[in-house]
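Q:
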Amino acid sequence: MAVSDISLPLVDQVAVVTGASRGIGRATALTLAEQGATVVVNYARSSQAADEVVAKVEAMGRSAIALQADVSQEDQVDTLFKTVIEKYGRVDVLVNNAGITRDTLLMRMKPEDWNAVISLNLTGVFLCIKAVTKPMLKQRSGRIINVASVVGLMGNPGQANYSAAKAGILGLTKTVAKELSSRGVTVNAIAPGFIATDMTEDVATDEIIKHIPLGRLGTVDEVAGLIRFLAADPAAAYITGQTINVDGGMVMA
Ligand code: NAP
101 MAVSDISLPL VDQVAVVTGA SRGIGRATAL TLAEQGATVV VNYARSSQAA
151 DEVVAKVEAM GRSAIALQAD VSQEDQVDTL FKTVIEKYGR VDVLVNNAGI
201 TRDTLLMRMK PEDWNAVISL NLTGVFLCIK AVTKPMLKQR SGRIINVASV
251 VGLMGNPGQA NYSAAKAGIL GLTKTVAKEL SSRGVTVNAI APGFIATDMT
301 EDVATDEIIK HIPLGRLGTV DEVAGLIRFL AADPAAAYIT GQTINVDGGM
351 VMA
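Here the working numbering is used: the first residue of the sequence shown is 101, the next is one more, and so on.
(1) Under 8 Å: does the beta carbon of Asn142 sit that close to some heavy atom of the ligand NAP?
(2) Compare the C-alpha of Gly224 against each of Ala144, Glu307, Pro292 and name the closest.
(3) If you measure from the CB of Pro292, is any heavy atom of the ligand NAP nearer than 8 Å?
(4) For Leu180 versus Ile200, is the C-beta spacing smaller than 9 Å?
(5) Would you identify the three-state DSSP class for Tyr143, choosing helix, strand or coil?
(6) What residue range does the beta strand (DSSP E) around Leu194 cover?
(7) Work out the CA separation of Gly136 and Leu108 for me, nearest whole Å.
(8) Cβ of Ser147 within 8 Å of any heavy atom in the ligand NAP?
(9) By the DSSP assignment, the beta strand (DSSP E) with Ile290 in it spans what residues?
(10) Can you give me the C-alpha to C-alpha distance between Thr340 and Ile290, rounded to a whole angstrom?
(11) Under a Cβ-count criterion, where at least 16 other Cβ atoms within 10 Å of its own Cβ denotes burial, should Thr42 be classed as buried or exposed?
(12) CB-CB under 6 Å to Gly268, same chain, minus the five flanking residues each way: which ones, in chain order?
(13) Within 8 Å: the Cβ of Ile344 and any heavy atom of the ligand NAP?
(14) Quick one: Cα of Asn261 to Cα of Trp214, how far?
(15) Can you tell me the Cβ-Cβ gap for Val116 and Val191, rounded? I've got them flagged as a contact below 8 Å.
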């Protein structure tokens, strides 16, 4: 298979996508399943939406399971991955996608707003990575893809908590990439710009669109396509510790 072929099947691979009931996570679960993966659809509250993702995957002739877990909670993360390992015996791809916002200017930001966002968007990523480290090291293979954001690179008024968590993901990604590289596990971050989902429903103003060179919001499929590429073997096998933007040109290094 040519290295340039990014549509490599993920047959026999098990992919866990956190926050896969809606938005980018949902699109990611579906595209990984299209590539042949068995998909674990993690969700926090939207059980019906998660079941619908599972039904869509099964309609493709692939396997999926919906597993509820608040991934900011260590005990729930442990139970989630214990269930995955008991059922499938492996984890090949982890997509740390679950995330929330609690936007307000720093002056008004309550410690609860700070802690809620850091707990899920950063500590949750740490907890899930820690949970897959053992099985991936044992397998001597694995792909970890962390969903960061352009605001982790450039900051954004009203998002001190969110941008700190997303910037934290970038440092975490580089460190874990170095720690796991000798065992064939790659760890990368992606930095989406403004993507049309429930999260951006109220913030996607004309003013924001003016700052996007491609002149529009991104789609969940455009983000999922990058994640699918990073999960693919051998296409992305030599990429680790990187942050890859999918942002319509908002940030140009
Ligand atoms: P979204 O549409 O609001 O979906 C968020 C997902 O996260 C839902 O499936 C939700 O599940 C899940 N979730 C929330 N709290 C959770 C928890 N404690 N444990 C497990 N899952 C939880 O968001 P999105 O726009 O797709 O964003 C997905 C990721 O992309 C986030 O990390 C976000 O920061 C990042 N991102 C988004 C954009 C954008 O423009 N949309 C840009 C850059 C980065 P339930 O419905 O079950 O609660």
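Beta carbons are placed, not taken as given, at the ideal position from N, Cα and C, and that holds for glycine.
A: In short:
(1) With a cutoff of 8 Å, Asn142 counts as near the ligand NAP, since its C-beta is closer than that to a heavy atom of the ligand.
(2) It is Ala144.
(3) yes
(4) no
(5) Here Tyr143 carries a strand assignment [DSSP, helix/strand/coil].
(6) 193 to 196
(7) Any reading at Leu108 needs caution, since the residue's pLDDT is 48, under 50, leaving its predicted position unreliable; the model's value is listed next. If I take the Cα positions, the gap works out to 9 Å.
(8) yes
(9) 285 to 292
(10) 11 Å
(11) Past the edges of the chain, shown from 101 to 353, lies residue 42, and the structure says nothing about it.
(12) Leu222
(13) no
(14) Approximately 5 Å between the Cα atoms of the pair.
(15) 6 Å
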